[in-house]
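In the numbering used here, the protein residues as written are 21 to 251.
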């Protein structure tokens with residue numbers, strides 16, 4: 021695979037500066053994109069070194085700790101844009117993300133990939149990251165839309181319907197566009213690394229179904245808990 025120099029990598033910041041300028045001008049926020057970009061750089065560099073250690077040691081307890089950490093942080097980030105920031109609400113989000121994420125992760129690692137060992141960090145950690153990040157984004161959209169609809173005195177059932185549809189738009193759009201509009205990240209990475217495109221396609225099908233189901237299950241679990249609480 022072609023090695024990207026640090027200078028060439030820095031060129032990607034040029035369009036980002038353009039976006040930052042208008043975000044500052046129109047959204048009246050000059051720090052959010054800057055802080056997010058700096059955090060992204062620091063976090064990715066740190067995780068790069070950590071992954072080297074994880075892949076070499078193959079310590080299952082370290083893997084479990086990382087997955088728990090992913091769940092806790094993704095739940096906390098999901099809470100960020102919500103109106104209800106109580107600990108009870110955080111627990112509801114945590115349960116939703118945990119159930120959805122683990123169901124999909126266990127299915128993929130334990131049955132679909134049919135690995136020699138249940139814990140292969142080279143597979144488990146990246147897949148867990150994709151699952152929990154996707155689940156976090158979908159649930160955040162659902163909760164934000166649900167709370168806004170409830171503020172407008174829309175019924176619980178109608179608010180849930182609107183929120184569920186809204187959070188699933190990116191996932192469904194991705195399924196409709198894949199292969200026609202875009203080659204997704206995992207498939208592109210595998211092809212760039214020399215993997216047979218037909219093998220890459222199988223992995224991408226696995227990822228796409230995983231993304232849709234993880235988003236849907238987390239939202240369903242969340243609203244089932246909400247429905248029970250209201251009743």
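We treat Cβ as the ideally placed atom computed from N, Cα and C, and that holds for glycine.
With respect to the C-alpha of residue 122, the residue from 247, 246, 238 and 70 having the closest C-alpha is 238. When the Cα atoms are used, residue 125 and residue 88 turn out to be separated by approximately 13 Å. Residue environment analysis places residue 219 among the exposed positions, since fewer than 16 neighbouring C-beta atoms fall within 10 angstroms of its C-beta.
Here residue 46 is exposed, its C-beta having fewer than 16 other C-beta atoms within 10 Å. Of the residues 58, 160, 26 and 225, the one whose Cα lies closest to the Cα of residue 40 is 58.
Under the DSSP assignment, residue 68 falls in the alpha helix (DSSP H) whose first and last residues are 52–77.
Measuring C-alpha to C-alpha distances from residue 118 to each of 187, 61 and 153 identifies 153 as the nearest.
Assignment of residue 198 by DSSP, reduced to helix, strand and coil, places it in the strand class. From the listed residues 23, 52 and 26, the smallest Cα separation to residue 37 is found for 52. Comparing alpha carbon positions, the residue from 143, 231, 24 and 93 closest to residue 188 is 231. Along the region 176–243, the alpha helix (DSSP H) occurs as fully enclosed runs of 4 or more residues at 176–197 and 205–212, listed in sequence order. Distance from residue 141 to residue 65 at the Cβ level is roughly 19 Å; contact not present, criterion being Cβ atoms closer than 8 Å. Taking C-beta separations shorter than 7 Å and ignoring five residues to either side along the sequence, the partners of residue 170 in its chain run 179, following chain order. Residue state for residue 108 is assigned as helix, using DSSP reduced to three classes.
Within the same chain, no Cβ atom closer than 6 Å to the Cβ of residue 30 is found once the five residues on either side in sequence are excluded. From the listed residues 159, 221, 54 and 181, the smallest Cα separation to residue 198 is found for 221. Distance check between residue 155 and each of 191, 92, 235 and 106 places 235 closest, using alpha-carbon atoms only. One Cα belongs to residue 95, the other to residue 148, and the distance between them is close to 14 Å. Here the alpha carbon of residue 100 sits roughly 15 Å from the alpha carbon of residue 91. For residue 152, the enclosing alpha helix (DSSP H) begins and ends at 141–171.
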